[in-house]
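To start, the structure itself, in structure tokens.
2 protein chains.
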Amino acid sequence: MTESPAGVAFADPQYRAAVVDLLGVIAYGELSAFERLAEDAKLAPTLEDKVALQAMASAEFGHLARLRDRLAELGADPFAAMAPFQKPIDDFHEHTAPSSWLEGLVKAYVGDGLARDFYREIAAMLDVETRDLILTSLDSTAHSEFVVEHVRRAIRDDHRVGGRLALWGRRLMGEALSQAQRVAAERDALSALLAGTVDRPGMDLAALGRMFNRLTERHAERMTELGLSA
Amino acid sequence: MTESPAGVAFADPQYRAAVVDLLGVIAYGELSAFERLAEDAKLAPTLEDKVALQAMASAEFGHLARLRDRLAELGADPFAAMAPFQKPIDDFHEHTAPSSWLEGLVKAYVGDGLARDFYREIAAMLDVETRDLILTSLDSTAHSEFVVEHVRRAIRDDHRVGGRLALWGRRLMGEALSQAQRVAAERDALSALLAGTVDRPGMDLAALGRMFNRLTERHAERMTELGLSA
């Protein structure tokens, strides 16, 4: 591995620590998404919907398995790498427990989309191998259609649903930002990756601001896609 | 398909109905096993155990997906095929809701083992394609070690655990038999497959008795494997 460009990057212990953190947080996010989707599957109104939700959960596990294997390859304990993110991610889910099947669907779509955009932004700053792994782990296009179709149909059937779900979408965004800040404050290596260090250029405040704008815009696009105002 | 030996068998509408029933009950069993394993994963004491349980659940979904595709190939609606078995299987799970992580593990091992043995007995009477599909769907050897190791360790740590879990194993067996009888009474095509019809030889009473003995013996072997008396 030391000959590859990734090998050179990993010679920097702070870079390696940041990547282990990043793979750890994404892995725990997938584990947690599996739990939520399995929970949503139980609420699903039809057998067909149950099967669709179980398919999504299993896809998350497929990603988790790859991240776990990569962490082990890097010489890290995958479970120790996930552990620091258990509390903030569990808290996010506890504060945003869906009270209905539709809220669960919106959360899966909007919450996962937001996480995906954020990790993609970070992945752009990383070595090719890590970037590819992260981009593959975040792919879930196949399931978006299912959610969009169900939510749009529910709004068509009852307009009041749209207003309630729009509020729900804003709450998800707020809660996600608050937990992300907490993680950034606690995980030095990850924050240093974003902000840069003496040896490695990161984002300045203007660049961070632009990233935040991009995330907000894409969130708004997703809400529109669902037929909801952002 | 009509040229294959399976095609000939499927020309008999009662045979086809029995196979659709059988694939339907196994598929719903997998869907339901996914739900239980996902539930058990939430109770898991460590992240490593959680990941192991999510892996088992995802494997069940992989089988379910193949059964669903095969049902569609046979021109059956997979969800309609599963529907008649939802109630008896849900009832089984409701009557055997584990009250602890260990009870969940024993149930996964003993319950799935029993179902697997039973479906294997039936599969032996079917066309090659259906038999192969069923045997593949029931393969879960990779996960058995995990359960055996955890249960044996728990008994080693506290001997009283063994007595309680042995009772639990007997309850699982009794409940499984009672639901199986209910299914046999309601699904004519399936029962005819076992008992035979004018055109197709099935099992006589003596053969059914021998099958029942084999199932009981293998159940006892699994209990012994776990370190429990049957």
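In the order they appear, the protein sequences are chains A and B.
If you're matching positions, the first sequence starts at 569 in this note's numbering and goes up one per residue.
If you're matching positions, the second sequence starts at 569 in this note's numbering and goes up one per residue.
For glycine and all other residues, C-beta sits at the position ideal for the given N, C-alpha and C.
Residue i burial status per 10 Å Cβ neighbour count (16 or more: buried)
i	result
Thr792 (chain A)	exposed
Arg790 (chain B)	buried
Phe629 (chain A)	buried
Gly643 (chain A)	exposed
Thr570 (chain A)	Unreliable placement is indicated for Thr570 (chain A), whose pLDDT of 44 sits below 50; the coordinate value is still reported in the next sentence. It counts as exposed.
Glu662 (chain B)	exposed
Ser746 (chain A)	exposed
Asp608 (chain B)	buried
His718 (chain A)	buried
Arg728 (chain B)	exposed
Leu773 (chain B)	exposed
Ala665 (chain A)	exposed
Thr698 (chain B)	buried
Ala606 (chain B)	buried
Phe802 (chain A)	Beyond the ends of chain A as shown, which are 569 and 798, falls residue 802 (chain A); an answer cannot be given.
Asp547 (chain A)	An answer regarding residue 547 (chain A) cannot be provided, because it is not within the stretch 569 to 798 covered by chain A.
Thr627 (chain A)	Note that residue 627 (chain A) is Ala in the sequence shown, not Thr. So Ala627 (chain A) ends up on the buried side.
Gly672 (chain A)	buried
Ala722 (chain B)	buried
Arg724 (chain A)	exposed
Neighbour list for residue i in chain B, Cβ cutoff strictly below 9 Å
i	result
Ser705 (chain A)	Correct list: empty, because the minimum Cβ distance to chain B is about 15 Å.
Lys610 (chain A)	Glu603, Ala606, Glu607
For residue j and residue i, believed in contact at Cβ under 8 Å, the rounded distance
i	j	result
Leu615 (chain A)	Phe647 (chain B)	4 Å
Arg688 (chain B)	Leu706 (chain B)	7 Å
Ala586 (chain A)	Ala775 (chain A)	Contact doesn't hold; Cβ gap of about 17 Å is too wide.
Phe602 (chain A)	Ala625 (chain A)	5 Å
Leu639 (chain A)	Val696 (chain A)	About 18 Å separates the two Cβ atoms, so there is no contact after all.
Gly597 (chain B)	Ile690 (chain B)	Gly597 (chain B) to Ile690 (chain B), Cβ: 13 Å. No contact.
Per-residue contacts from residue i into chain B (C-beta, under 8 Å)
i	result
Arg636 (chain A)	Val619
Residue i: contacting residues in chain A (beta-carbon distance under 7 Å)
i	result
Phe629 (chain B)	Gln622, Ala623, Ser626
Ala651 (chain B)	Leu615
C-beta neighbour in chain E for residue i, strict 8 Å
i	result
Phe647 (chain B)	Among the protein chains in the structure shown, which are A and B, there is no chain E.
Within chain A, partners of residue i - CB distance below 8 Å
i	result
Ala644 (chain B)	By Cβ distance, chain A contributes nothing, its closest Cβ being about 13 Å from Ala644 (chain B), past 8 Å.
Leu599 (chain B)	Leu615, Lys618, Val619, Gln622
Leu632 (chain B)	Val619, Gln622
Short Cβ contact (8 Å threshold) for residue i with residue j
i	j	result
Arg604 (chain B)	Ala676 (chain B)	yes
Arg636 (chain B)	Ala595 (chain B)	yes
Val751 (chain B)	Val593 (chain B)	yes
Ala649 (chain A)	Leu694 (chain A)	no
Leu621 (chain A)	Ala612 (chain A)	yes
Leu733 (chain B)	Leu670 (chain B)	yes
Gly737 (chain B)	Val674 (chain B)	yes
Gly764 (chain A)	Gly770 (chain A)	yes
Ala744 (chain B)	Leu682 (chain B)	yes
Val716 (chain A)	Leu796 (chain A)	no
Pro652 (chain A)	Arg755 (chain A)	yes
Gln582 (chain B)	Ala760 (chain B)	yes
Val619 (chain A)	His787 (chain A)	no
Closer than 7 Å: residue i CB and nearest the ligand NAP heavy atom
i	result
Arg699 (chain B)	Among the ligands in the structure shown, none appear at all, so the ligand NAP cannot be discussed.
key: Members of the segment 746-769 of chain A near chain B, C-beta cut-off 8 Å   = Within the segment 746-769 of chain A, no residue has a Cβ that lies closer than 8 Å to any Cβ of chain B.
message = Against chain A, which members of the segment 768-787 of chain B pass a CB distance test of less than 8 Å?
response = none
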